[in-house]
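Data block below; observations after.
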Amino acid sequence: QSCFTVLLQEARLKLPILAEEQVIMEAVRENPCVVICGETGSGKTTQVPQFLYEAGYASGMIGITEPRRVAAVSMSHRVAKEMNLPTQVVSYQIRYEGNVTSDTKIKFMTDGVLLKEIQKDFLLQKYNIIIIDEAHERSVYTDILIGLLSRIVPLRNKKGMPMKLLIMSATLRVEDFTENQRLFRTPPPVIKVDARQFPVTIHFNKRTPLEDYTGEAFHKTCKIHRMLPPGGILVFLTGQAEVHSLCRRLRKAFPFRKDVTEADTSEAMRKFKKAKQKKTVSLPRIDLDNYSALPVDEGDEDREAGIGDEEDGDSDLDLGDDPADEGKLADTSIPLYVLPLYSLLAPEQQAKVFRPPPPGTRLCVIATNVAETSLTIPGIKYVVDCGRVKKRFYDKVTGVSSFKVTWTSQASANQRAGRAGRTEPGHCYRLYSSAVFGDFSLFSEAEITRRPVEDLVLQMKDLNIEKVVNFPFPTPPSTEALVAAEQLLVSLGALEEPSCTGRLKEMQRAKLSCPITPLGRAMASFPVAPRYAKVLALGKQQDCLPYIIAVVAAMTVREIFEDLDRPARSEDESSKLNQRRARLTQMRRLWAGQGASLLLGDLMVMLGAVGACEFAGCTPKFCENNGLRYKAMVEIRKLRGQLTNAVISVCPEVGVFVDPKMTPPTEHQVVCLRQIVLAGLGDHLARLVQGEDLVDPKWKNAYKTPLMDEPVFIHPNSALFKKLPEFVVYQEIMETSKMYMKGVSAVEAE
Ligand code: ADP
Ligand code: MG
């Protein structure tokens, strides 16, 4: 065994979950379903699969689901390393890729992947045990999987092919699973892993910055770095753009010199420590699971040890945004090693946060929510929490969606704080007051209650769950959401029309139990939203299929164009940005084509972009030069392959393949494409407000949709912005500065 493996084993033995191995294994032996709760970092994800493997559960497969791709991939690598087994045995599968082989014994996968497998084999016969990880996140697929497995496990046991279910949560809030009689008639045992969580001192801001919390995070991080003893810093922000902007500012303020010698920095560290040791403070214990016990109105300032003590609150030191000012703060004697972390970051980049930082430097990770529970970053002593989270919100009636940054919940703020106390006592700096914290909701809502459910309803119908209302959801979606979903699926032809003429109540019931049609089954086998699945199912006509597949792939992958509308950060960038905007506008015009193809609008632009990019070999350079997002284009490529295979398996005679040299569609094909798209997006129809209807100026150049009273618009970037056809269909409406339709194409009036 290598030295590395020995080190790994040592680290492993220190994990709190090791003490519970016996208890866990006994519970698993004696119960069909077991719940494990343990603080993030206690070793659930990496150790429990190993316990099961060693106890002989690997005669079949051990499956473990994660809500995030990041976690599925990185955890499979980690466990393989710890077990000293090849990735043929400890493998992963996410939507487009994986390394599963016939020898795989431990399989990490995203929850969506397992749901698809249930469609193929309801009894999941390959598996001896399924572990649902991160159940506290309450992702839609995780919730559905728990509901399904609550039925599959007893079925398997009845058939004499025993199977186990393990639910793992980072919080103690598991009543939705354990006390839900519809889910588990006998409540499953809950095993609590006593994590060695060190005390974390919470510091609230006196004031709550309403706008510039990124600036506030910058100041706080600078101060921590300049004034507080060694230890990693973890900053929580809400999105990728913020993460990068803070990384840039911090790197500028504390330039990281590769040439710093170890002696230099350890000397600096020594001096620094000495200066700081003047004051020793004992840290109060804070129970992170029962935080509300803290007096809410007393904690408004940085009273405890640390920053506030020395400077009497934070707000006094007003730094402004001038880069010259940033220089004043910089104490470059100890380099700050700044790393970004978010879901879409390339895996090699993500892996950096797990490695020890260069000697003599301080690690500083700027992260989104991924660092809240799915990944544990070693050596974090300070957490800076902006208190916010970016989420997609849907209007219940219209389906209009928007990304909004809102306050997070108390539970998730406490999770974030907990990241500071994994290896020694730590500090959490909240960039908001305790009064504001007191107003946070206690817990985040389950995702299933917050979004449309037509995709889930279709998947369930395909599993022959006819009465979706009766499904044992851990938290059910609203009846309105279920009715809306069934109505849409009926209108798409995926479900049979309810044939009931009885009283209102029966009608209601009938509406919620429409059986699936053969078209619906075909649609369910396509891994895209039902509207797009319908488009695919109709795509056979007139040799349109390759185009339809490309369009559906492009519609499914969000944001294929780079966001060039953002404000420039410097003059230098401004002129570059202008050039790139001009180039993208020119390309968009080219891709939109001429004559008949123009009417396909934004979808034609997507088709043109995908075609051109593939023709050029889908290189980062081509994307960079033409305003396309490389990651999106790669994803589209993979999705085209996957959709092509899915179509062939439903309809082998079509003989479609992915052509990297796809020629543009003919005029006739464009007409056909528009009809097919209309069939899928028919309920997303909008009409230009004209003539006498145009009373209020707010309706100028605006469209009216059946469901909304508000005007909606064609975005200036759209291929149809100058044309303004009378009727259009759109992919979706996003609310930004206005209500904008995305993915617009024209419909010919009769
Ligand atoms: P949990 O699932 O309970 O949150 P994990 O099993 O993910 O805990 O993590 C246990 C420990 O293993 C953590 O302390 C973490 O720092 C460490 N760890 C996990 N993954 C990696 C990795 N890829 N590299 C280094 N350390 C890791
Ligand atoms: Mg985990």
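For the sequence shown, the residue numbers in the UniProt record's numbering are 210 to 959. Every residue gets a Cβ at the ideal spot worked out from N, C-alpha and C, and that includes glycine.
- Secondary structure note for Q231: its alpha helix (DSSP H) is the uninterrupted segment 230-239.
- Exclusion of the five residues before and after C832 leaves Y839, M842 as the residues of its chain whose Cβ lies within less than 6 Å of its Cβ.
- By the 16-neighbour rule on beta-carbons within 10 angstroms, T828 is exposed.
- Beta-bridge pairing by DSSP links Q302 to G307, M318.
- The set of residues whose C-beta lies within less than 5 Å of a heavy atom of the ligand ADP reads, in chain order, T249, G250, S251, G252, K253, T254, T255, R287, F563, T585, P587.
- Checking the 8 Å criterion, the Cβ of E451 is out of range of every heavy atom belonging to the ligand MG.
- With contacts defined as CB atoms closer than 9 Å, V904 and M948 fail to qualify as a contacting pair.
- Cβ atoms of L357 and C595 stay farther apart than 8 Å, at about 36 Å.
- For the options Q259, G252, F317, the alpha carbon positioned closest to that of G272 is the one of F317.
- By the criterion of at least three beta-carbon pairs nearer than 8 Å, the region 572-590 is in contact with the region 437-445.
- In the DSSP assignment, W616 falls within the beta strand (DSSP E) that extends over 610-616.
- A distance below 7 Å between beta-carbons, with the five flanking residues on each side excluded, links V288 to the following residues of its chain, in chain order: T255, P258, Q259, V299, I315.
- The alpha-carbon separation between I923 and L929 amounts to approximately 7 Å.
- Contact between T577 and S552 holds, with the beta-carbon distance rounding to 7 Å and staying under 8 Å.
- Rounded to the nearest angstrom, the Cβ distance from Q884 to M764 is 16 Å, too far for a contact under 8 Å.
- By the neighbour-count definition (other C-beta atoms within 10 Å, threshold 16), F427 is a buried residue.
- If only uninterrupted beta strand (DSSP E) runs of at least 3 residues are considered, those enclosed by the region 566-595 are 571-576, 589-594.
- Note: F463 is not bridge-paired with any residue in the DSSP secondary-structure output.
- Using a Cβ distance threshold of 9 Å, T872 and D352 do not count as a contacting pair.
- Apart from the 5 residues on each side of it in sequence, P567 sits with its Cβ closer than 7 Å to the Cβ of Y546 in its chain, given in chain order.
- The criterion of a C-beta distance shorter than 9 Å is satisfied by F936 and L897.
- Under DSSP, C246 forms a beta bridge with S378, K401.
- Exclusion of the five residues before and after L848 leaves A762, T765, V766 as the residues of its chain whose Cβ lies within less than 7 Å of its Cβ.
- Assigned with DSSP and collapsed to three states, C860 falls in coil, not helix or strand.
- For the 9 Å CB-CB criterion, L375 and V244 form a contact.
- When DSSP states are grouped into helix, strand and coil, T914 belongs to the coil group.
- In the structure shown, the three-state DSSP call for K907 is helix.
- Nearest C-alpha to G864 among A280, G647, P755, G569: P755.
- Comparing C-alpha distances from V856 to each of P396, A655, V744 shows the shortest one belongs to V744.
- Cβ contact annotation for A742 (same chain, cutoff 7 Å, sequence separation greater than five): M732, F735, in chain order.
- Of the candidates Y638, A404, R391, A404 places its Cα closest to the Cα of S378.
- M377 has its CB nearer than 8 Å to a heavy atom of the ligand MG.
- About 5 Å separates the beta carbon of L812 from that of S954, a gap short enough to meet the 8 Å contact definition.
- Annotated as proximal: P724 and E675, with beta-carbon spacing under 9 Å.
- Residues A694, L697, L698, P739 of the same chain have their beta carbon placed closer than 7 Å to that of E663, with the five preceding and five following residues left out of the count.
- The beta carbon of C456 lies closer than 7 Å to those of V547, P549, I575 in the same chain, with the five residues before and after it left out.
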